[in-house]
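Residue numbers (my numbering): 6 to 254.
For each residue, glycine too, the CB sits at the ideal point set by N, CA and C.
This report refers to the structure that appears directly beneath it.
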DNA sequence: AACTCGACCAACCGCGATAAT
DNA sequence: GATTATCGCGGTTGGTCGAGT
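What follows is the structure, encoded as structure tokens:
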């Protein structure tokens with residue numbers, strides 16, 4: 006039985022204070038990343054290593070972009086999700102400056118809904134009659150039965166009188182369903198296959214628009230370091246298997 | 001102004017994979 | 001080869017904020 010990593014009573018939990026952030030930043034600037042187990046004590050933090058690692062990777066890293074997702078990025082996430090499923094770290098690895106957590110959150114809060122609005126099942130990227138439009142988006146069990154998880158906010162609600170709000174924030178942008186259909190069919194096929202193709206090469210490149218500022222959470226002059234590349238255990242090359250992705254435009 | 005609801009996102013948790021012993 | 005420690009990932013939760021009523 007593995008003992009919980011953060012079971013110590015005197016460990017801090019919850020939101021990080023600025024002082025804690027600074028301690029972590031200072032320590033990593035001096036000693037670099039790694040050895041998360043011993044880092045908290047060495048850095049004078051009452052946090053477990055896991056928590057430190059998460060804080061650094063998801064929030065403090067100097068190369069994080071931390072802004073709205075560009076359309077290119079949205080498209081890429083959707084494409085990659087069609088190919089890879091919920092392998093967020095792999096997807097994030099193709100989006101410089103984005104973290105798996107960020108991509109995952111963005112998918113769950115924006116892109117999933119966007120696809121549903123377009124009548125696309127976000128789980129398999131196929132045109133779905135189950136998601137003809139938002140009008141059927143209620144908290145009834147139908148979405149769950151189709152494998153679509155309800156957003157946790159739906160679970161949060163204690164009252165039953167849930168109003169259909171139908172106000173997609175993403176605007177829907179019309180969307181080219183035909184193209185999605187082509188891709189989703191092909192992509193879902195790929196997805197099916199991808200599980201049996203663990204060595205799928207995903208060396209996909211993206212031209213991030215120059216309008217995206219390379220700003221960071223801490224606007225000092227630290228040089229961006231791309232940790233993502235090392236995150237992917239298997240070097241993969243998307244281009245070699247993804248003619249269908251081009252249809253997505 | 002107060003309350004409710006929905007959305008967002010940082011952080012936590014549990015587990016599998018991998019490295020070290 | 002078995003066991004233990006650590007890392008990394010994906011799913012989930014909880015807090016906060018803004019919009020609507």
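Query, Result
"Three-state secondary structure (DSSP) of residue 132", "strand"
"Exposure label - residue 130; buried when at least 16 CB within 10 Å", "buried"
"Unbroken alpha helix (DSSP H) run spanning residue 44, endpoints", "44 to 48"
"Selection from 17, 67 and 63 that minimises the alpha carbon distance to residue 31", "67"
"Span separating the alpha-carbon of residue 232 from that of residue 125", "Its pLDDT being 35, under 50, residue 232 is placed unreliably by the model, and the measurement read from it follows with that caveat. Roughly 33 Å between the two C-alpha positions."
"Residue 108 beta carbon less than 8 Å from that of residue 96", "yes"
"Buried or exposed (CB count within 10 angstroms, at least 16 for buried), residue 56", "buried"
"Extent of the continuous alpha helix (DSSP H) to which residue 111 belongs", "105 to 111"
"Residue 114 versus residue 93 - alpha carbon distance", "14 Å"
"Alpha-carbon spacing of residue 45 relative to residue 19, whole angstroms", "15 Å"
"Nearest-angstrom beta carbon gap, residue 82 and residue 132 [assumed within contact, 8 Å]", "No, residue 132 and residue 82 are not in contact; Cβ-Cβ is about 19 Å, not under 8 Å."
"Given residue 91 as reference, the closest of 101, 105 and 80 once Cα atoms are compared", "105"
"For residue 21, the first and last residue of its enclosing alpha helix (DSSP H)", "That residue, residue 21, is in no alpha helix (DSSP H); it is neither H nor E in DSSP."
"Residue 77, DSSP secondary structure in three states", "helix"
"Under 8 Å between C-beta atoms of residue 58 and residue 16", "no"
"Inter-residue spacing [alpha-carbon to alpha-carbon] between residue 85 and residue 76", "14 Å"
"Residue 128 classed as buried or exposed, judged by whether at least 16 other C-beta atoms fall within 10 angstroms", "buried"
"Exposure label - residue 119; buried when at least 16 CB within 10 Å", "buried"
"Residue span of the alpha helix (DSSP H) that contains residue 95, given as start and end", "93 to 98"
"One or two residues paired with residue 68 in a DSSP bridge", "Answer is none; residue 68 lacks a bridge partner."
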